[in-house]
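Chains as they are written, first to last, in the working numbering: chain Z, 15 to 244; chain H, 31 to 289. Even glycine gets a Cβ: it sits at the ideal position worked out from N, Cα and C. Step one of this worksheet: look at the structure below.
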Amino acid sequence: MGKLIVENKTIVVPGETLAEGMDYLPGNGTYRIGEKILAEKLGLVNVDGRALKLIPLAGRYSPKINDTIIAKVIDVTLNGWRLETNSAYTAMLPVKDATAQYIARGANLTAFFDIGDHVVAKITNVTSQKLVDVSTKGPGLRKLAGGRIIGVNPYKVPRIIGKQGSMVSMIKDATNCKITVGQNGFIWIDGEPKEILRAVNAVRMIDENSHMKGLTDKVKEFLQVGGEAK
Amino acid sequence: MSNDQKQHMIKSFKQGVRFDERGLEDFRKLTISCKPSKTAEGSAVVKLGDTEVIAGIKMMVGTPFPDRPEDGVIMVNAEFLPLASPDFESGPPGIDSIELSRVVDRGIRESHAMDLKKLCIKKGEKVWIVSIDICTLNDDGNLLDAAALAALAALKSTRFPGYDGEEVNYKELTDDKLPLAQEPIPVTVYKAGDVFFVDPTKEEQKNVDARLTITSLGDGNLCAMQKGGEQPFTLDEISKIVDLATKRSKDLRKEIDKL
Chain Z
15 MGKLIVENKT IVVPGETLAE GMDYLPGNGT YRIGEKILAE KLGLVNVDGR ALKLIPLAGR
75 YSPKINDTII AKVIDVTLNG WRLETNSAYT AMLPVKDATA QYIARGANLT AFFDIGDHVV
135 AKITNVTSQK LVDVSTKGPG LRKLAGGRII GVNPYKVPRI IGKQGSMVSM IKDATNCKIT
195 VGQNGFIWID GEPKEILRAV NAVRMIDENS HMKGLTDKVK EFLQVGGEAK
Chain H
31 MSNDQKQHMI KSFKQGVRFD ERGLEDFRKL TISCKPSKTA EGSAVVKLGD TEVIAGIKMM
91 VGTPFPDRPE DGVIMVNAEF LPLASPDFES GPPGIDSIEL SRVVDRGIRE SHAMDLKKLC
151 IKKGEKVWIV SIDICTLNDD GNLLDAAALA ALAALKSTRF PGYDGEEVNY KELTDDKLPL
211 AQEPIPVTVY KAGDVFFVDP TKEEQKNVDA RLTITSLGDG NLCAMQKGGE QPFTLDEISK
271 IVDLATKRSK DLRKEIDKL
């Protein structure tokens, strides 16, 4: 019978033994050497039955299928756009997945998305060689106009969104800002300049304090007192 | 950054709201630490918010230029290390690092900050060569001002190495300082749309249309300028910029004077 060495939700360091024996299965962020399962990254252990998973505390974004990301156009090619995704890999947005509108052969593609533009896109495919395909056809997927884009730790994105989007809608309501959160750690915020600052400060606070308990209440209080910088 | 976001920044700046809640004419927190390097004759690290630059001074004995047999030599070299920013590549110096080193060089040279005659050991044969090396450690905008301040602070901390007429003894430094007569302080004023501001972060600097670096002395005289960016300035704008730069240089001078 295998033995679990660490408890659920503990913070482990790379190389730390999580479990012994073949009964446990190594998941994301863990690996097996002989009988042992070891941690690959610094993060929180998640024990789900026999499967061990590790949620990293920090790191680069790695593209995943069906993620909605905010990406920047870095090149316009013959058949689409190349996007920068805040990860080690760029993404390809083919013309046929860009818009429902008819695009004539040889049309000027910069009229739709130009270099430097930011778009909200959904990852449609990631190959084993990490070739990433995205689409901007679908609800909420669009080109971003105006506003400010900030970067946060991609692993804190779920905390920023909150359960069923509770955290982000709280910030939206308190600041009257439009906010779009990309899974890759880019966040787009638009509204009145002063309100944007409050929203940015709230997001930064979540980014820094995501491990704390009762974060929702803290953010609520933070937004009520005016969201001044620390 | 796209044009849309630039318009947004300008709109925000017009209401006096900057991306990190400073005023348009405020610098970030400046910290200067001297002599971080044990092997250089002088060195300094300057932090301007998250921007960080290190400057080091090496003193060598060499032959003067034939047309200036009595003058010491100043050399400024700047390197944008790839660790400072994802935009910097290793390899031969790029156009930006050449510009930066030349702006720093011009500030020190044209202000006559150092009395080069005093660096002469034997006319036409031996003079001190002062080599100023600048490395960026982290780029969060406004490298120009940070680098020039680091060079100045490093010059202030420099002590001559021992010299017996034959060889330079780098192991033991003397108490002699460099003959610094002036302290040139640079302030770069940036323009986006029709707003003017100083000390941008990297996010803000991406949207800049034009910039003007003004290097001024303690008595208020200007000694060097450098314009960058694609947009022009009008005469009125330049006098506005000079006023702003001299005002801000007084604050920076206080920090330099503390050293």
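Interface with chain Z (7 Å Cβ-Cβ cutoff): residue 269(H) is excluded.
In the structure shown, the three-state DSSP call for residue 220(H) is strand. For the pair residue 33(Z) and residue 236(Z), the Cα-to-Cα distance works out to about 41 Å.
For residue 238(H), no chain Z residue has a C-beta closer than 7 Å to its own C-beta; the minimum C-beta separation is roughly 15 Å.
Taking 7 Å as the threshold, the shortest C-beta distance from residue 70(Z) to chain H does not fall below it. Taking a Cβ-Cβ cut-off of 9 Å, the neighbours of residue 162(Z) in chain H comprise 35, 38, 39, 42, 49, 233, given in sequence order.
With distances taken between CA atoms, residue 175(H) lies nearest to 62(H) out of 49(H), 62(H), 47(H). Just so you know, the alpha carbons of residue 104(H) and residue 286(H) end up roughly 21 Å apart.
Contact annotation, residue 34(H) with residue 160(Z): C-beta distance approximately 5 Å; criterion of less than 8 Å satisfied. Between residue 86(H) and residue 163(H), the C-beta gap is smaller than 7 Å, which places the two residues in contact. At least one beta carbon of chain Z lies nearer than 7 Å to the beta carbon of residue 45(H).
Residue-level contact check: residue 208(Z) touches chain H, since one or more beta carbons of chain H fall below 7 Å from its beta carbon.
Using a Cβ-Cβ distance cut-off of 8 Å, the segment 216 to 227 of chain H and the segment 185 to 199 of chain H are not in contact, since fewer than three pairs of beta carbons, one from each stretch, lie closer than that value. In the three-state scheme derived from DSSP, where H, G and I count as helix and E and B as strand, residue 44(Z) is classed as strand. The segment 114 to 131 of chain Z and the segment 161 to 176 of chain Z do not touch, with fewer than three beta-carbon pairs separated by less than 8 Å.
The CB of residue 159(Z) comes closer than 8 Å to the CB of 34 in chain H, given here in chain order. Within 10 angstroms of the beta-carbon of residue 83(H) lie 16 or more other beta-carbons, which makes it buried. Between the alpha carbons of residue 37(H) and residue 199(H) lies a distance of about 57 Å.
Taking every protein chain shown into account, the CB of residue 178(Z) has fewer than 16 other CB atoms within 10 angstroms, so this residue is exposed.
Scanning its chain for C-beta atoms nearer than 8 Å, with the 5 sequence neighbours on each side dropped, one finds around residue 138(H) the residues 104, 106, 144, 162, 181, 182, 185, 214, in chain order. Between the C-alpha atoms of residue 44(Z) and residue 232(Z) there is a straight-line separation of about 33 Å.
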